[in-house]
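Have a look at the structure below, then the notes.
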Amino acid sequence: EKDGHDWFMRKEIHEQPRAVADSLLGRRDAAGLLHLDEMRLSDQDLRDVDKVIIIACGTSFYAGLVAKYAIEHWTRIPVEVELASEFRYRDPILTASTLVVAISQSGETADTLQAIRHARLQRSRVLAICNTNGSTIPRESDAVIYTHAGPEIGVASTKGFLTQLVACYLLALYLAQVKGTRYGDEIAEILDQLDRVPDQIQQVLDGAEAVYELARQHTETRSVLFLGRHAGYPVALEGALKLKELAYIHAEGFAAGELKHGPIALIEDGLPVLCVVPPQGRDQLRDKMISGIQEVRARGARTICLVEEGDDAIGPYADVLIRLPKVPVLLQPLVAVVPLQLFACELATAMGHDVDQPRNLAKSVTVE
Ligand code: F6R
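The sequence shown begins at 247 in full-length UniProt numbering and counts up by one.
Below you can see the structure in the form of structure tokens.
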């Protein structure tokens, strides 16, 4: 049942090309227009949306952070992303034209469920992005986009996360299509790019020897930092969460621009710092990231850089280079998170931990 893998998690990481492809399947008609048929919200309802609030927990929350960059860029609708456990207790401003998007792999997370109940009482529409047919959160929502990861058994979310990202991109593009924003013309092109992603993930999986080697080198490590910018920032947060959950190593993700506002004080000789470098073409972002990498390295950090293939500017500042296929910055999380999942999985395995059942954790958190 694990397809020759020792862990469900390892199997699920390797299923990601298929899971992403399935989540993209059948969304485009012959004219190239995007359809989200199961969604149950009318185009008029969506045209009326003037604010999106995304609520979720854990890894699903990080998918929501990526979604904010995509939705705001493609649709110009303001997006807030909030931890479900915090949302209800701050008296959020919700109206009938607020679209609340609840992201949950299991569909049973108590914090997220309570948050959508609160939103519906305030007359907001709730759209669930969920991997589990018939679970409570989609049943209590006005609309749903199902992800097609298939059952996720490993406690740490992997293919669940990637398919949530796909659903978020599709939602963002669909909103752009119905609203007729200036990105309308680019939708077909972005969908073409998304269609190439399953092969690109496969490429990352096939070329992961450097990541396995890295994992074997870090079994004695006490602390790891992750840096990213833009859509790479949630990737850094997710990389850190995976390492905490599976290897029980202290790990933190930062927006690289925040370094000088405090975290740089943590840098000491030999501290591993994983850096998600924005792709070429986004040079302002990328140059800032490169200077952040230089700064931590000058203070003794061991820099492990995830860099687009063909980008040679980072070479002199990277102790380890991990190559990523070429994708636009907004889609980069789909390929950049994969080496970080593998790193955590293989490091935890090398340390002798049970990757599928990390201590103190449950697959679905049904208490608040
Ligand atoms: C991390 C992880 C958790 C879940 C979180 C939300 O690997 O699995 O952080 O992402 O508990 O769960 P769902 O998406 O089921 O609501």
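All C-beta atoms, glycine included, are put in the ideal place defined by N, C-alpha and C.
Predicted model, so just to flag it, every value in this text is computed and none were measured.
Please report the straight-line C-alpha distance between residue i and residue j, rounded to a whole angstrom.
i	j	result
V542	P571	25 Å
A501	A316	17 Å
G503	R363	36 Å
A590	I550	14 Å
C521	L483	11 Å
P444	A582	13 Å
P397	H260	14 Å
G380	L437	28 Å
L487	E386	29 Å
G406	V266	10 Å
Q262	I301	24 Å
Assuming residue i and residue j form a contact by the criterion Cβ under 8 Å, report the distance between their Cβ atoms to the nearest whole angstrom.
i	j	result
V312	P480	5 Å
Y458	L282	Going by Cβ atoms, the distance from Y458 to L282 rounds to 38 Å, so no, they are not a contact pair.
Q423	G430	6 Å
K609	V401	5 Å
M597	A454	That belief does not hold up - the Cβ atoms of M597 and A454 are roughly 18 Å apart, past 8 Å.
H464	V575	Contact flag wrong, Cβ pair sits at about 28 Å.
G278	A434	5 Å
S269	H394	5 Å
Should residue i be counted as a contact of ligand 1 given a C-beta to heavy atom distance under 6 Å?
i	result
C414	no
C303	yes
A365	no
T427	no
S306	yes
S331	no
A402	yes
S350	yes
V611	yes
T382	no
T355	yes
Of the choices the options, whose alpha-carbon is the least far from that of residue i?
i	options	result
A389	A374, P397, G396, A395	A374
A348	R336, A342, T341, A365	A365
E491	D296, L367, Q587	Q587
V566	L580, Q578, P585, L577	P585
R605	R256, A265, A594, R468	A594
T378	R369, D357, T409, L367	T409
E498	H599, D515, A342, L473	L473
D337	V372, Y392, Q368	Q368
A330	K257, G304, Q351, L552	G304
State yes or no: is the beta carbon of residue i nearer than 7 Å to at least one beta carbon in chain C?
i	result
E555	Here there is only one protein chain, and chain C is not present.
Q: Please specify which runs of the beta strand (DSSP E), each continuous and at least 3 residues long, are wholly inside the region 398-441, giving them in chain order.
A: none
Q | Ordered list of beta strand (DSSP E) runs contained in the region 270-358, each at least 3 residues | A | 297-302, 325-329, 344-350
Q) Which runs of the beta strand (DSSP E) fall wholly inside the region 480-516 and span at least 3 residues, in chain order? A) Counting only runs of 3 or more residues that sit fully inside the region 480-516, the beta strand (DSSP E) segments are 496-501, in chain order.
Q: Report the residue ranges of all beta strand (DSSP E) runs contained in full by the region 435-474; include only those spanning at least 3 residues, in chain order.
A: 469-474
Q.
Just to confirm the assignment: which complete beta strand (DSSP E) runs, minimum length 3, are found wholly within the region 511-580?
A. 518-522, 548-554, 566-570
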